[in-house]
Amino acid sequence: VAWAWCLLAPAAAVLCVIVAAPTLGAIYASLFDDPIGTTPRFIGLGNYREALAGGDFWAALRISGLFTLVSVPLEVVVGLGLAMLMHRAGAGRALVRATVLTPWTIPSATVAVLWAWMLQPPGIVNHLLGIEVLWTGEEWAAKCAIVMIDVWKTSPFVALLILAGLETIPDELYEAAHMDGAGSWQSFVYVTLPMLRPALLIAVLFRTLDALRLYDLPAILTGGANDTATLSVLVARAVTSDLRAGYGSALSTLTFAILFVVALAVIRILMPRRTVLGG
Amino acid sequence: MMLLAPAPAQSQTSPGAEQRGPITFATGNDASGVLRRAIDKWNRQRPDEQVTMLELSTSADEQRVALAQNFQAASSRYDVLNADVAWTAEFAARNWLEPLDQKRFAGPAILPAAARSGIFDGTLFGAPYATSAGMMFYRSDLIKSPPKTWDELTYLCQTVGKQTGIGCYAGQFAQYEGLTVNIAEAVASAGGSFIGDDDKQVTIDSPQARAGLRFLVEGFQRGWIPRAAITYKEEDGRRAFQQGRLLFLRNWPYVYALAATAGPDSVIAGKFDVAPIPGENAAGRSIVGGKNLMLSRFSAHKTSALDWMEFMQSEDAQVEMQAPVLVKMYDDPGLQRRLPFMPVLKEIMLHAAIRPATPNYHAVTLVIQKNTYAALQGRKSVDQAVVDMAAELKQAISSRY
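This is the structure we're talking about:
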C-alpha cells in the first residue's frame, strides 16, 4: 500500500499545485472585501451574501442555465447526425470528416469575431436571409445568435466523441438485430443509442460544463448587453472592470460549486448501468 | 567623486529631494506614432533621463488591470502612466498617484476642460497632454450650414434626410463606455448633469437630463437615428458615414483623417465637414475624452518624470498631437493646414464638459449604460430610466465596498 502511495505521489502533487492551490486560493480571497484606498479586510461570507442578495448573480445564472439547456441538446442532436454521416461516408470519408470538424478547430475568440462581423446589421447574414435583424442589439436576437454560434462551433466536438463510440459497436449486434427482424429505426433505438451511452455521457458532461462557463461569445458579441451576461462574464467584469478581486473570487467560487453539483448530477443520470445494457 | 549606491526600493522620499534617472512610460497602443516622435525628441536632449515607452494591451480594460496590478504590488516599474481621464478619480482615491502642481501642469495656457479632467477632489492628478472631444461630422455636399440645435437637426432629417433616403444621425449607442459619453453629451447639451460638481450629489433627476435622454430616444422612435445604430461603436458609425449611409455622425477627431482619404473605404472624401454637436437651444456641449499623464506614487525618479511631463505640454511635443492641450496651438497656421478641424475643435473644447469624477466611476458608468440602453431600445420610459438611474447612482457613488 505504501508503495502505491509513492507511485501516486507525483501525480497527486501536480494536481495539488495546479488544481487545488488556485481553487483554495480563490476561496480564501473571496473572504476579503475590496476597499478603495485601504487594505482588504476579512469579511467572512460578506461577498457571498452580496452576490446572493443582488439581482446580477441570479440573472447570470438564469442566462447561463438557459444557454446550457438550449444549446447542449441541440449540439447532441446535430452531433449525432454529423457522426452518423461521418460513420457512413464511404468515398470521400476524409473530406467529409475534415469539413465537419473545421468549425471546432477555430479558436472561439476568432469564431466570435468572425460571426460578429457577419452578423452586423449590413452584414452577410442579414443580406443572405433578406432580413434586418439587429443580432447584437436585441435581447432575443442576441441570445439566438450566441446559441447558434455555439452549436455551429461545438457540434463537431460532440460528433467526434460519438463517432468514436460508433466505431466500437460490433457489427454482430446489428446482424443479430437484423435476424430478429429489427428495421433500421429499431436498430438505431435499441442497439446504437444504448451502446453510445458512455460516449454520450462524456459529450454531455463536457458540453454542459463548457456551456455553463460560456464566456468568449457573449463577451465579444455583446459585452454582456441585451441580457447575455453569463456567470463568467460577471466574474470577469468584477475582477477586471470593477477591480474587485474578493467579490470576483466569491462569484467564481459560486460558479465552481454550481458546476460541481451539475457534473455530479449529469454523471448520476447518464451513467451506464450494466444490467440495463443487456435488455 | 562619490559612488552611487544602488537605490533601495522605496517609494516615498523627502519632498524636494532630486530623483533623477531613466523613466518608464506605460501606455496603450501608440498606433499613430505620435508618442514615439515626442519621446524621441526628449531622449535626444536628455541622455541620462531616457524615457522608455512600454505599450500595454490595446484594450482599455486590460490596460487598467495591468496598471492596477502594478500599483497593488507597490512596484516602481511604471513611472508615468498614460491613463484614461475617467480613471483619474479612482486611481487617486486608491492612493496610487502623486499629486501634481496645478500652476505647473494646468495653468492658463492649457485648455480649461482638459485641465479639469485631471482634477479629483480639488487636487490635480493628471497632466493633460492630448485631448479629444466629440464632434459632429456632416455631409457638406448635402447640408449647407450645420444644425446648431436639435430642432434644426430633426428638421434637416425630415427634409434632406427624407429626400436623399440615407440615415440621418448616429453616434455610439451600443451598451459600452461610448454610450455613457453620448448620453452625457446629450444631457450636458440640455444643461443637465449626472453628478454635481462636488462629486457627491446625484443630479440626474432633472428636466434637463430628461430632455437630453428624450432627444436620443425620440431619434430611435421616429427613425432619424437608424435602427442599426443601437449596435454602433466608433468604428461601425465611421464605416456607415464613410460609405455614405449617414448625414450626421457624432464621433472623435480621429475620423477626420480617415474619412478624408478618398478610396474604396471613403466615398465621401471632400464631401464632409465638422461642427460642434447640436444642443437643445444652442450648440451642444461635448464630453472630454482622451488620456492624461499620471505620475506613480511609487516612481523612483519623480523629478525626471515631472520634467518629462512638462515637456509633453511644451510646444515641441504639442505640435505632434492630433488634439493638443495648449490653447495657442489651435491658432498655429501649420497645424491648421495639417488638421483643418482645429478652429472647430477649439470652439468645442472651450465649452466641453467632463464625465462624473468619482472613485466608483466603473459602477457609475455601468448604471448609466444599463438604464439608458433600455430607454433607447424602448424597454424603459425616459422617466423610468431617469428615476432608476438616480436611485442606482446614489448607491454606486456612496459604496466604498
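The listed protein sequences correspond, in order, to chains A and B.
The first sequence begins at 1 in our numbering and counts up by one.
The second sequence begins at 1001 in our numbering and counts up by one.
Note that beta-carbon positions come from the ideal geometry of N, C-alpha and C, so glycine has one too.
All of these numbers come straight from a predicted model, not from anything done at the bench.
task: Between the Cα of THR1027 (chain B) and those of B:GLN1045, B:LEU1054 and B:ASP1198, spot the shortest distance and give me the residue it belongs to.
output: Mapped onto the second sequence, residue 1027 (chain B) falls at position 27. Out of B:GLN1045, B:LEU1054 and B:ASP1198, B:LEU1054 has the C-alpha closest to the C-alpha of THR1027 (chain B).
query: Which value, in whole angstroms, describes the spacing of the CA atoms of GLU1090 (chain B) and ASP1079 (chain B)?
result: Translated into positions along the second sequence, residue 1090 (chain B) becomes position 90. Translated into positions along the second sequence, residue 1079 (chain B) becomes position 79. C-alpha separation (whole angstroms): 18 Å.
For GLY1237 (chain B), the first and last residue of its enclosing alpha helix (DSSP H): Here residue 1237 (chain B) refers to the residue found at position 237 when the second sequence is read from its first residue. Unbroken alpha helix (DSSP H) run through GLY1237 (chain B): 1234-1242.
field: Environment of TYR215 (chain A) [buried if 16+ CB atoms lie within 10 Å]
entry: Translated into positions along the first sequence, residue 215 (chain A) becomes position 215. Label assigned to TYR215 (chain A): buried.
message: When you compare the CB positions of ALA1170 (chain B) and ALA1190 (chain B), do they come within less than 8 Å of one another, or not?
response: Locating residue 1170 (chain B) in the second sequence gives position 170, counting from the first residue. Locating residue 1190 (chain B) in the second sequence gives position 190, counting from the first residue. No; because the gap between Cβ atoms is not below 8 Å, this pair is not in contact.
field: Short CB-CB distance (under 8 Å) between ALA1068 (chain B) and chain A
entry: As a working mapping, residue 1068 (chain B) is identified with position 68 in the second sequence. Closer than 8 Å: yes.
Inter-stretch contact at 8 Å, needing at least 3 Cβ pairs: the region 161-180 of chain A / the region 248-264 of chain A: The count of Cβ pairs closer than 8 Å, one atom from the region 161-180 of chain A and one from the region 248-264 of chain A, stays below three, leaving the stretches out of contact.
- prompt: My guess is that TRP1224 (chain B) and CYS1157 (chain B) are in contact by the Cβ rule of under 8 Å, so how many angstroms apart are they, rounded?
  reply: On the second sequence, residue 1224 (chain B) is found 224 positions in, with the first residue counted as 1. On the second sequence, residue 1157 (chain B) is found 157 positions in, with the first residue counted as 1. Rounded to the nearest angstrom, the Cβ distance from TRP1224 (chain B) to CYS1157 (chain B) is 4 Å, consistent with a contact under 8 Å.
- prompt: Within 8 Å (strictly less), CB to CB, does PRO121 (chain A) reach chain B?
  reply: Residue 121 (chain A) sits at position 121 when you count from the first residue of the first sequence. Chain B has a Cβ within less than 8 Å of the Cβ of PRO121 (chain A).
Reduced DSSP secondary structure (H/G/I, E/B, other) of SER71 (chain A): Position 71 of the first sequence, counted from the start, is the residue given in the question as residue 71 (chain A). If DSSP states are grouped into helix, strand and coil, SER71 (chain A) belongs with the helices.
message: Taking 8 Å as the threshold (C-beta atoms), are SER1140 (chain B) and ASP1273 (chain B) in contact?
response: Reading the second sequence from its first residue, position 273 is the one you call residue 1273 (chain B). Reading the second sequence from its first residue, position 140 is the one you call residue 1140 (chain B). Cβ distance < 8 Å, so ASP1273 (chain B) and SER1140 (chain B) count as in contact.
- request: Report the three-state DSSP secondary structure of GLY1126 (chain B) (helix, strand or coil).
  value: As a working note, residue 1126 (chain B) is residue 126 in the second sequence. Three-state result, GLY1126 (chain B): strand.
field: LEU1213 (chain B) beta carbon less than 8 Å from that of VAL1364 (chain B)
entry: Against the second sequence, residue 1364 (chain B) aligns to sequence position 364. Against the second sequence, residue 1213 (chain B) aligns to sequence position 213. Taking a C-beta distance under 8 Å as the contact criterion, VAL1364 (chain B) and LEU1213 (chain B) do not qualify as a contact pair.
- request: Determine the direct distance from the alpha carbon of MET118 (chain A) to that of GLY130 (chain A), and round the result to whole angstroms.
  value: By 1-based counting over the first sequence, the position of residue 130 (chain A) is 130. By 1-based counting over the first sequence, the position of residue 118 (chain A) is 118. Rounded to whole angstroms, the gap between the alpha carbons of GLY130 (chain A) and MET118 (chain A) is 14 Å.
message: Please classify ASN1182 (chain B) as buried or exposed, where buried requires at least 16 neighbouring CB atoms within 10 angstroms.
response: Locating residue 1182 (chain B) in the second sequence gives position 182, where the first residue counts as 1. With 16 or more other Cβ atoms within 10 Å, it is buried.
- request: Quickly, what does DSSP pair ILE1195 (chain B) with across the bridge? List them, please.
  value: By 1-based counting over the second sequence, the position of residue 1195 (chain B) is 195. Its beta-bridge partners are B:VAL1202.
- request: Kindly indicate the opening and closing residues of the beta strand (DSSP E) around CYS1168 (chain B).
  value: Counting from 1 along the second sequence, the entry for residue 1168 (chain B) is found at position 168. Here the beta strand (DSSP E) through CYS1168 (chain B) covers 1167-1170.
field: Reference LEU1306 (chain B); option with closest CA among B:LEU1153, B:GLU1315 and B:LEU1295
entry: One-based indexing of the second sequence puts residue 1306 (chain B) at position 306. Of B:LEU1153, B:GLU1315 and B:LEU1295, the residue nearest in Cα terms is B:LEU1295.
query: What did DSSP end up calling LEU251 (chain A) once you bin it into helix, strand or coil?
result: In the first sequence, the residue the question calls residue 251 (chain A) occupies position 251. In the structure shown, LEU251 (chain A) adopts helical secondary structure according to DSSP, grouped into three states.
query: For ARG41 (chain A), which option in A:TYR190, A:GLY246 and A:PHE260 has the closest C-alpha, if you only look at C-alpha atoms?
result: Translated into positions along the first sequence, residue 41 (chain A) becomes position 41. Measuring C-alpha to C-alpha distances from ARG41 (chain A) to each of A:TYR190, A:GLY246 and A:PHE260 identifies A:GLY246 as the nearest.
- prompt: Using a beta-carbon distance below 8 Å, is PRO1359 (chain B) in contact with chain A?
  reply: Translated into positions along the second sequence, residue 1359 (chain B) becomes position 359. It does; some Cβ of chain A falls within 8 Å.
message: Is there a Cβ of chain B sitting closer than 8 Å to that of SER187 (chain A), yes or no?
response: Stepping through the first sequence from its first residue, residue 187 (chain A) is reached at position 187. So, not an interface residue.
- request: Taking all protein chains shown into account, decide if GLU175 (chain A) is buried (16 or more other Cβ within 10 angstroms of its Cβ) or exposed.
  value: Stepping through the first sequence from its first residue, residue 175 (chain A) is reached at position 175. That one is exposed.
task: For ASP227 (chain A), decide whether its Cβ has a neighbour in chain B, counting only Cβ atoms nearer than 8 Å.
output: Position 227 of the first sequence, counting from 1, holds the residue named residue 227 (chain A). Output row for ASP227 (chain A): interface = no.
- prompt: Is the shortest distance between the beta-carbon of ILE36 (chain A) and the beta-carbons of chain B less than 8 Å?
  reply: If you number the first sequence from 1, residue 36 (chain A) lands on position 36. Look at ILE36 (chain A): its C-beta is under 8 Å from a C-beta on chain B.
message: Applying the 10 Å Cβ sphere with the 16-neighbour rule, what's the burial state of GLY1334 (chain B)?
response: To locate residue 1334 (chain B), count along the second sequence from 1; it is residue 334. Exposure of GLY1334 (chain B) is indicated by the presence of fewer than 16 other C-beta atoms within 10 angstroms of its C-beta.
- prompt: Can you name, in chain order, every residue of its own chain whose Cβ lies under 8 Å from the Cβ of LEU1003 (chain B), other than the five neighbours on each side?
  reply: What you label residue 1003 (chain B) is simply residue 3 of the second sequence in a count that begins at 1. Legend: pLDDT at LEU1003 (chain B) = 39, less than 50; position of this residue unreliable, no value from coordinates given.
message: Using a 10 Å radius around the Cβ and a threshold of 16 neighbouring Cβ atoms, would you call MET1342 (chain B) buried or exposed?
response: Taking the second sequence and counting its residues from 1, the one referred to as residue 1342 (chain B) is at position 342. In this structure MET1342 (chain B) is buried. Its beta-carbon is surrounded by 16 or more other beta-carbon atoms within 10 angstroms.
message: DSSP three-state label for ASP1332 (chain B), please.
response: In the second sequence, residue 1332 (chain B) corresponds to position 332, counting from 1. ASP1332 (chain B): coil per DSSP, three-state reduction.
query: TYR48 (chain A) lies in the alpha helix (DSSP H); which residues open and close that run?
result: Residue numbering aside, residue 48 (chain A) sits at position 48 when the first sequence is read from its first letter. Where TYR48 (chain A) is concerned, the enclosing alpha helix (DSSP H) stretches over 46-53.
- prompt: Mind checking HIS1301 (chain B): buried by the 16 CB within 10 Å criterion, or exposed?
  reply: Within the second sequence, the letter at position 301 stands for residue 1301 (chain B). Around the beta-carbon of HIS1301 (chain B), 16 or more other beta-carbon atoms lie within 10 Å, marking it buried.
- prompt: Do ASN226 (chain A) and GLY90 (chain A) have their CB atoms nearer than 8 Å?
  reply: Residue 226 (chain A) sits at position 226 when you count from the first residue of the first sequence. Residue 90 (chain A) sits at position 90 when you count from the first residue of the first sequence. Not closer than 8 Å, so no.
task: Kindly identify the DSSP beta-bridge partner or partners of GLY1279 (chain B).
output: Sequence index remark: in the second sequence, residue 1279 (chain B) carries index 279 (1-based). B:THR1149.
query: When the cut-off is 8 Å and only beta carbons count, does GLY65 (chain A) lie next to chain B?
result: Your numbering for residue 65 (chain A) matches position 65 in the first sequence. Chain B contact via Cβ: absent.
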